[in-house]
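Chains as they are written, first to last, in my numbering: chain X, 97 to 369; chain S, 83 to 148.
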């Protein structure tokens with residue numbers, strides 16, 4: 097009944113829950129939520145340093161280097177070139193910290209500001225360039241199975257289909273597409289990691305994704321925006337474990353009609369025998 | 083001499099090295115990454131990198147994100 101570690105880009109990852117570090121009310125709350133969630137991989141963004149009005153507080157003081165694997169993202173990039181530059185800067189930042197995992201990145205190339213849906217063309221372009229530079233690229237994408245196949249073919253270390261738009265809390269809107277993605281990308285390669293990323297709203301969304309067969313779930317707003325952040329972090333931890341174990345356990349089939357759970361013979365007053 | 087740092091213009095009487103610029107901004111070299119005219123400067127070259135008039139720099143750090 098153990099949860100197998102996930103292997104991505106040479107790293108052995110012990111928790112199937114990846115958690116973002118954005119949108120928390122305080123760094124302390126973020127630190128405690130990450131601890132409560134049991135996550136190992138945390139995503140971070142790359143942004144211009146403040147040159148004035150610095151509070152002196154840095155997120156790095158609130159992330160445990162012994163526990164956490166920092167995964168830089170290219171959030172906010174709407175063009176392949178910006179995402180490529182950001183990924184390189186992320187790598188440089190991790191090298192400065194001596195953090196394991198320097199040459200990996202969660203690639204996002206966004207297509208639209210309202211939906212924050214990915215730009216498939218820009219994503220593929222950036223993936224190809226970053227692969228040539230030796231990056232391990234985890235690709236944020238939509239739930240389009242063809243795009244997922246193209247990204248895997250182009251060398252993505254993991255494909256990360258969105259359940260629904262970033263921060264929208266709608267969960268996995270199209271489980272059928274997710275199932276197709278899982279089936280097609282794992283057909284000849286059962287261990288290929290597929291991580292549902294974006295739109296997770298509550299614990300059941302995580303469990304559903306894991307039961308469908310996802311290898312992990314990445315979320316940020318679902319925890320950071322909850323009323324009780326620490327309780328939700330704990331719920332998400334339990335949810336990813338529950339979904340993983342249920343998947344491993346092998347569920348019963350869905351049937352149209354009933355099959356009784358109690359014996360049908362020996363009921364008192366039965367006149368049939 | 084004129085620099086653009088993180089999109090903001092800066093005037094300097096004397097051209098600093100990159101290390102001097104970071105120090106004047108109270109930035110810890112280990113916690114930032116620097117792009118000079120669109121090329122990343124390796125950390126071990128900050129002291130040796132002399133900035134020139136019209137140079138454009140992006141000085142970035144890690145922040146919270148999903």
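Ideal Cβ placement from N, Cα and C applies to all residues, glycine included. Remember, predicted model here, so these are calculated numbers, not experimental data.
(message) Please tell me whether residue 118 of chain S has its Cβ less than 8 Å away from any Cβ of chain X.
(response) On the second chain, residue 118 of chain S is found 36 positions in, with the first residue counted as 1. It does not: the Cβ of residue 118 of chain S has no partner Cβ on chain X nearer than 8 Å.
(message) Any beta carbon of chain S sitting closer than 8 Å to that of residue 162 of chain X?
(response) Mapped onto the first chain, residue 162 of chain X falls at position 66. Taking Cβ atoms only, chain S never reaches closer than 8 Å to residue 162 of chain X, which makes this a no.
(request) For the stretch 177-231 of chain X, list the beta strand (DSSP E) runs that are entirely contained and at least 3 residues long, ordered along the chain. (result) 200-203
(request) Taking residue 147 of chain X as the reference, give the member of S/131, S/88 and S/84 with the closest Cα. (result) Here residue 147 of chain X is taken as the residue at index 51 of the first chain, counted from 1. Ranking S/131, S/88 and S/84 by Cα distance to residue 147 of chain X puts S/88 first.
(request) Please confirm whether residue 132 of chain X and residue 329 of chain X have their CB atoms less than 8 Å apart. (result) Here the question's residue 132 of chain X lines up with position 36 in the first chain. Here the question's residue 329 of chain X lines up with position 233 in the first chain. In this structure, residue 329 of chain X lies closer than 8 Å to residue 132 of chain X by Cβ.
(message) Under DSSP, the alpha helix (DSSP H) around residue 256 of chain X begins and ends at which residues?
(response) Within the first chain, residue 256 of chain X is the residue found at index 160, counting from 1. Looking at the DSSP string, residue 256 of chain X is not in any alpha helix (DSSP H); the run it does join, the beta strand (DSSP E), is 254-257.
(message) Using a Cβ-Cβ distance cut-off of 8 Å, determine whether residue 132 of chain X contacts chain S.
(response) As a first step, residue 132 of chain X is located in the first chain; it is residue number 36 there, counting from the start. No, because no Cβ of chain S sits closer than 8 Å to the Cβ of residue 132 of chain X.
(message) Using CA atoms only, rank isn't needed, just tell me which of S/109, S/86 and S/102 is closest to residue 149 of chain X.
(response) Sequence index remark: in the first chain, residue 149 of chain X carries index 53 (1-based). Residue S/109 is the option with its Cα nearest to residue 149 of chain X.
(request) State the Cα-Cα distance for the pair residue 164 of chain X and residue 106 of chain S, rounded to the nearest angstrom. (result) Within the first chain, numbered from 1, the residue matching residue 164 of chain X stands at position 68. Within the second chain, numbered from 1, the residue matching residue 106 of chain S stands at position 24. Straight-line Cα distance between these residues: approximately 31 Å.
(message) Excluding the 5 residues flanking residue 304 of chain X on each side, which residues of the same chain have their C-beta closer than 8 Å to its C-beta?
(response) Residue mapping note: residue 304 of chain X aligns to position 208 of the first chain, counting from 1. Cβ within range, chain order: 267, 268, 271 and 339.
(message) With a threshold of 8 Å between beta carbons, is residue 120 of chain X in contact with chain S?
(response) Within the first chain, numbered from 1, the residue matching residue 120 of chain X stands at position 24. Interface residue, yes.
(request) Tell me, please, whether the stretch 112-123 of chain S touches the stretch 108-118 of chain X by the rule of three or more beta-carbon pairs shorter than 8 Å. (result) no
(request) Report yes if the C-beta of residue 140 of chain S is less than 7 Å from at least one heavy atom of the ligand MG; otherwise report no. (result) You won't find the ligand MG in this model; it holds no ligand whatsoever.
(message) If you follow the alpha helix (DSSP H) that residue 338 of chain X is in, where does it begin and where does it stop?
(response) Here residue 338 of chain X is taken as the residue at index 242 of the first chain, counted from 1. Run containing residue 338 of chain X: 325-345, per the alpha helix (DSSP H) assignment.
(request) Please go through the same chain and pick out, in chain order, the residues whose beta-carbon is closer than 6 Å to the beta-carbon of residue 105 of chain X, but skip the five residues on each side of it. (result) The count along the first chain starts at 1 and reaches residue 105 of chain X at position 9. Within the same chain, residue 105 of chain X has close Cβ partners 200, 232 and 253.
(message) Across the stretch 176-184 of chain X and the stretch 216-233 of chain X, are there enough close Cβ pairs to call them in contact, namely three or more that are closer than 8 Å?
(response) yes
(request) Kindly indicate the opening and closing residues of the beta strand (DSSP E) around residue 246 of chain X. (result) In the first chain, counting from the first residue as 1, residue 246 of chain X sits at position 150. Unbroken run through residue 246 of chain X is the alpha helix (DSSP H), 241-249; no beta strand (DSSP E).
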